[in-house]
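Engineer: The letter at position 444 of the sequence shown is residue 443 when you use numbering that gives the first Met the number 0, and the numbering goes up by one with no holes. Here a beta-carbon is modelled for each residue, glycine too, at the ideal position from N, C-alpha and C.
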Amino acid sequence: MVTVDEIVNLIPSPEKTDIELIKKAYIFAQESHKSHSRFSGEPYFTHLAETAKILASYGMGSTTIAAGLLHDTLEDVEIGPEKLEKEFGGEILFLIEGVTKLGKLRYHGTDRHNESLRKLFVAMSEDIRVLMIKLADRLHNMRTLSYIPEEKQKRIATETLEIYAPIAYRLGIRKLSRELEDLAFPFVFPEEWKKLQELTKQKYEEDSENLEKFLKSIKKVLAKENIPFVRTEYRVKGLYSLYKKIQTKKKHPEEVHDILAARILVKEIQDCYRVLGMIHATWRPLPGRIKDYIAFPKPNGYQALHTTVFTGDGNIVEVQIKTEEMYRDSEFGIASHIAYKAGKSGKKIPENLEWIEHLMPKHAIDHSAVQGKGKYEDVPGWIRELVEHHTQEKDHETFREDLRKDFFEHRIFVFSPMGDVVDLPAESTPVDFAYSIHSAIGNHMSGAKVNGKLVSLDTKLHNGDIVEITTKSSAKPSTKWIEYAKTTMAKRHIRSAIQKSKRSQ
Ligand code: MN
């Protein structure tokens with residue numbers, strides 16, 4: 000079981016209040032879930048402690064870590080929000096409620112609206128910390144997916160591949176997105192996974208041996224040339240990422256040269272170019288494979304020098320050269336440093352990350368300015384600095400408004416009581432909702448509840464509403480419903496049902 004110390008030790012310089020808060024949440028959560036266990040048979044609390052540990056390892060602050068420990072209390076043990084607020088305050092309650100709300104969102108499997116669902120997911124998070132807790136929660140659930148009943152595994156894994164991993168990727172947390180993908184892969188494409196794993200297993204073993212040797216000779220040359228380096232290592236390409244590459248580029252795994260890659264980390268940018276020069280002087284590069292992502296970063300902000308060389312013993316190896324900063328950024332988030340430098344040199348910040356700004360904590364207290372800690376002390380620097388750079392000129396509220404318009408101007412997203420998402424045109428009513436579920440439900444609708452309250456059938460639905468339709472076998476559509484309906488599909492069904500019933504009379 001993960002201990003309080005293990006969690007706290009991951010925080011760079013925790014203050015006494017941080018440790019106390021985490022300890023309090025740890026004990027509270029352990030107590031609240033003591034009669035629950037996981038499918039694995041372990042106490043339920045292991046899930047919460049692991050989630051908190053993941054959050055700490057990704058640089059989140061004590062408030063988020065505490066909320067991570069408590070994230071299932073509202074849903075699973077029915078501790079009231081009042082109690083949570085009294086014990087832990089409004090900010091932590093807000094985060095837990097956010098996570099609970101996201102938990103109600105359910106992926107359909109046949110959904111052709113994956114992009115909408117991802118956007119909705121992000122917009123509904125409202126706060127980057129909610130999203131981080133949800134991602135950490137999912138990561139631990141994926142690590143223990145083999146214990147879950149089989150019929151649920153595939154749905155959860157597909158949802159992870161379609162929704163969670165891409166969100167982590169866009170946040171720039173490649174480490175997390177890669178782990179999510181590789182955990183989901185065998186459940187979603189079992190055959191392909193098995194084939195690829197067998198195919199690469201031997202290659203991995205052979206290659207890693209060769210690569211160790213190659214790295215040794217690189218180190219020798221670096222030492223001889225007096226080039227300072229931080230460390231060398233090799234990285235193994237994620238199996239799912241390899242699968243995608245083979246799919247999209249229609250290649251055989253043998254033709255993919257970066258399954259294993261050598262990585263050289265240096266201190267300064269100029270050292271990257273020196274190392275590249277030295278490598279090309281020693282080993283012959285493969286033409287057309289030299290990439291300067293430092294001068295020309297990838298659209299997602301990734302920076303490094305890549306080259307592929309013949310090692311001289313019949314092997315071909317990709318070599319990645321980057322600074323430690325670039326490495327950290329690429330694993331843990333499109334970083335602060337890129338944003339900072341970009342501002343100075345006038346280089347563009349990756350545009351596809353603008354949405355992060357909308358997610359900055361609204362509830363974070365600004366007392367930090369007094370303490371000199373910066374505005375959002377609970378989110379790690381790599382998110383904070385990027386955003387602060389970006390929000391200097393523009394007003395926060397305007398951003399949020401733009402985002403909302405973007406997502407929601409013409410469509411609304413409402414939910415069934417089971418959490419299924421239905422997207423409808425704006426100004427839709429329960430009539431549209433009922434027919435979008437099934438024409439039989441529409442045709443026998445006797446009433447509707449929105450967010451638990453009985454409403455009239457012409458009530459306009461709003462984003463996030465939970466809509467429940469009651470049916471009776473004797474109920475029939477009325478001509479009035481045609482006016483209430485916004486979708487042509489509902490109107491058509493109503494008309495034909497009315498005609499049918501007239502005919503039968
Ligand atoms: Mn959970």
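#1: Would you report the Cα separation of Pro349 and Pro284, rounded to the nearest angstrom?
#2: Closer than 5 Å between the C-beta and any heavy atom of the ligand MN: which residues qualify, listed along the chain?
#3: Would you say Tyr233 and Arg273 are within 8 Å of each other, going by their C-beta atoms?
#4: In this structure, how does DSSP classify Thr469 when only helix, strand and coil are distinguished?
#5: What's the gap between the Cα of Leu456 and the Cα of Met123?
#6: Let me know if Gly345 comes out buried or exposed under the rule of 16 or more other beta-carbons within 10 Å of its beta-carbon.
#7: Which first and last residues belong to the alpha helix (DSSP H) in which Phe188 is found?
#8: For the candidate residues Val121, His279 and Leu241, whose alpha-carbon lies nearest to that of Trp192?
#9: Could you give the uninterrupted runs of the beta strand (DSSP E) lying entirely in the segment 214-246, keeping only those of 3 residues or more?
#10: Gly451: buried (16+ other C-beta within 10 angstroms of its C-beta) or exposed?
#11: Is Arg37 helix, strand or coil when you go by DSSP?
#12: Over the uninterrupted alpha helix (DSSP H) stretch that includes Ile505, give me the two end residues.
#13: Can you list, in chain order, the residues of its chain whose CB lies under 7 Å from that of Arg117, leaving out five sequence neighbours each side?
#14: Looking at Phe120 and Ala156, is the spacing between their C-beta atoms short of 8 Å?
#15: Flag this pair as touching only if the segment 1-19 and the segment 52-61 have three or more C-beta atom pairs under 8 Å; answer yes or no.
#16: Taking the runs of the beta strand (DSSP E) that are 3 residues or longer, which of them lie wholly in the segment 10-81?
#17: To which residues of the same chain is Glu86 closer than 8 Å at the C-beta, ignoring the five residues directly before and after it?
#18: Alpha carbon to alpha carbon, how far is Ala303 from Tyr168?
#19: Cβ of Val466 within 8 Å of Cβ of Ser415?
#20: Can you tell which of Ser473, Ala489, Thr62 and Lys266 has the C-alpha that lies nearest to the C-alpha of Glu436?
#21: Are three or more beta carbon pairs between the segment 57-70 and the segment 128-138 nearer than 8 Å?
#22: Hey, how far is the Cα of Asp431 from the Cα of Ala484?
#23: In whole angstroms, give me the CA-to-CA distance for Glu211 and Asn225.
#24: Mind checking whether His32 and Leu47 have CB atoms under 8 Å apart?
#25: What residue range is occupied by the uninterrupted alpha helix (DSSP H) comprising Thr157?
#26: Could you work out which residue in Met277, Pro286 and Asp257 is closest to Ser216 when comparing CA atoms only?
#27: Name the DSSP beta bridge partners of Leu179, please?
#28: Where does Pro227 land, buried or exposed, given buried means 16+ other C-beta within 10 angstroms?
#29: DSSP on Val255, reduced to helix/strand/coil?
#30: For a quick check, are the C-beta atoms of Pro429 and Thr458 less than 8 Å apart?
#31: At what residues does the alpha helix (DSSP H) containing Ile127 begin and finish?
#32: At which residues does the alpha helix (DSSP H) containing Glu267 begin and terminate?
#33: With DSSP collapsed to three states, give me the class of Thr322.
#34: Measuring straight from C-alpha to C-alpha, what distance separates Lys153 and Pro13?
Structural biologist: Judging by the given coordinates:
#1: With a pLDDT of 45 at Pro349, under the threshold of 50, the modelled position of that residue is not reliable, and no figure is offered here.
#2: Asp71 and Asp136
#3: no
#4: strand
#5: 26 Å
#6: Bear in mind that a pLDDT of 37 at Gly345, under 50, signals an unreliable position, so the number given afterwards is only what the model happens to contain. Under this definition Gly345 is an exposed residue.
#7: Unbroken run through Phe188: none, as it is neither H nor E.
#8: Leu241
#9: 230-235
#10: exposed
#11: coil
#12: Because the chain here runs from 0 to 504, residue 505 falls outside it and cannot be looked at.
#13: Ile162, Pro165 and Ile166
#14: no
#15: yes
#16: none
#17: Lys23 and Phe27
#18: 18 Å
#19: yes
#20: The sequence shown places Ile at residue 436, not Glu. Among Ser473, Ala489, Thr62 and Lys266, the Cα nearest to that of Ile436 belongs to Ala489.
#21: yes
#22: 6 Å
#23: 21 Å
#24: yes
#25: Glu149 to Glu158
#26: Met277
#27: DSSP, once it has assigned bridges, lists no residue as partnering Leu179.
#28: exposed
#29: coil
#30: yes
#31: Ile127 to Arg142
#32: From DSSP, Glu267 is part of no alpha helix (DSSP H); its letter is neither H nor E.
#33: strand
#34: 40 Å
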